Every structure is written in structure tokens, then in C-alpha cells.
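Everything in the sequence shown is counted per the working numbering, starting at 768 for the first residue and increasing by one. The beta carbon of each residue, even a glycine, is placed where N, CA and C say it ideally should be. Just so you know, these numbers come straight off a predicted model, no measurement behind them. A short write-up of the structure that comes next.
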Amino acid sequence: MSTWVLAMDGVDRRLLLRLAALRHPRLTALFLVLTRLGDPVPVVGLALAMALLEGMVVPGGGRGPVVALALAFAASQLLKRWISRPRPALPVGLGSLVQAPDRFSFPSGHAAAALAIALPPALALVGSGQPAVALLVLVPALLVGMSRAYLGVHYPGDVLAGWALAASATLVTLLLLP
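Below is the structure:
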């Protein structure tokens, strides 16, 4: 595990314990639904639908979300194996509320994927003078990331890193696509 991930480990553990202490049945139910939006089938399905519609429904839809998703996914999988940060281990009674898809935690692939498909159209919406609509696109994606820490399968730093990957993948996508 890299030195800087180890350095942030204490802060991440404290934040994760605070999040676990905030759990409430209604909030947990909401986050259990939201976290599934970041699963591979919904994310890939939505990205492909946006590509097929070529931006007819959502400005910036087109290929941008597909390319950003592919870049973010590849980077997150490489980093997970390189850094090999174990999933959070919470005390009994505060453990993970969902099954983790793999052994490694850093970065959050769900956070990266959800934001990677939301950020290209959100930026296009801001550019076309529709920032309120852009927020409607971004908020669910950000909540997917937050759900991962709340449910105990990621540290908050993993989620932040996933979002940073998505932003980087989106930037590269904007530079690559006309």
C-alpha cells in the first residue's frame, strides 16, 4: 500500500466510524438503492444509451460518458491492484451493509463510474446555460459515491479518489473527442 494512503488511513477510519454512527434505517434504505446505480449493469447501460442517443436527450451525452467511463474504470482497476488497500474493517454492529465486489478499496470504482458518466453531460449543461439541470445530473452520481462510505465498503478517501479519477477521465475525454 502506498505511503500516502497509509498516511490518510487514520483520518479515513475516524470519518468512517462517524458515518457508521449516523446510520438510520431510512437513510440506509436510500443508500442501498443509490449504491446499486453505480453497479456495472446500470452504469454501462446508461452510458451506452447516452451514446446511442448521441446527445439528443442530454447535451454532452454522445460518446463522452462512454469514453470517460472506460478510462475511469481502467484506471480504478489498475490502482486497486497496485495499491491493494484492504476494504474497511468496522467494529461488530457497524460493519459493511453490502457485499463488496472485490478485496480492494482504493479507489472507489462505483464513485468513479457514476461521476464519469454524469460529468460530461453536466459540463455540457453548464456550458449551455443550464446549471440547475447540471446539478440534477451530478447529485445522484455524487450520492452513489457517498453511499459507498456510508454503507461501509469504502473509506471516504477512496470515494474522493474515485471522483478525482472521474474528473481526470472526463478531462482526457474532452481533450480527445471533438
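Given this structure, state the Cα-to-Cα distance separating Ala928 from Leu789, to the nearest angstrom.
Taking the sequence shown and counting its residues from 1, the one referred to as residue 928 is at position 161. Taking the sequence shown and counting its residues from 1, the one referred to as residue 789 is at position 22. Cα to Cα, the separation comes out at about 23 Å.
Is the beta carbon of Ala881 closer than 9 Å to that of Gly812?
Mapped onto the sequence shown, residue 812 falls at position 45. Mapped onto the sequence shown, residue 881 falls at position 114. No, these two residues do not count as a Cβ contact at 9 Å.
At the level of alpha carbons, what is the spacing between Ile884 and Leu903?
Within the sequence shown, residue 884 is the residue found at index 117, counting from 1. Within the sequence shown, residue 903 is the residue found at index 136, counting from 1. Using only the alpha carbons, I get a separation of about 13 Å.
According to DSSP, Pro853 sits in a beta bridge with which residue or residues?
Numbered from 1 along the sequence shown, position 86 holds the residue referred to as residue 853. Answer by DSSP bridge pairing, in chain order: Phe871.
Span of the alpha helix (DSSP H) holding Leu944?
The residue labelled residue 944 in the question sits at position 177 within the sequence shown. Looking at the DSSP string, Leu944 is not in any alpha helix (DSSP H), and its letter there is neither H nor E.
What's the call for His791, buried or exposed, on a 16-neighbour Cβ count within 10 Å?
Sequence index remark: in the sequence shown, residue 791 carries index 24 (1-based). Classification of His791: exposed, given that the 10 Å Cβ count is below 16.
Please confirm whether Arg915 and Thr795 have their CB atoms less than 9 Å apart.
What you label residue 915 is simply residue 148 of the sequence shown in a count that begins at 1. What you label residue 795 is simply residue 28 of the sequence shown in a count that begins at 1. Result no, Cβ atoms of Arg915 and Thr795 do not sit closer than 9 Å.
With distances taken from CA atoms, which of Pro807, Arg780 and Pro832 is nearest Gln844?
One-based indexing of the sequence shown puts residue 844 at position 77. Measuring from the Cα of Gln844, the nearest candidate turns out to be Pro807.
Pick out whichever of Gln866, Phe871, Leu838 and Arg830 has its Cα sitting closest to the Cα of Lys847.
Mapped onto the sequence shown, residue 847 falls at position 80. The shortest Cα separation from Lys847 among Gln866, Phe871, Leu838 and Arg830 belongs to Phe871.
Flag this pair as touching only if the segment 921-940 and the segment 873-880 have three or more C-beta atom pairs under 8 Å; answer yes or no.
At 8 Å Cβ cutoff, the stretches touch.
Using a threshold of 9 Å, state whether the C-beta atoms of Pro855 and Leu909 are closer than that.
Within the sequence shown, the letter at position 88 stands for residue 855. Within the sequence shown, the letter at position 142 stands for residue 909. No, the Cβ-Cβ distance between Pro855 and Leu909 is not below 9 Å.
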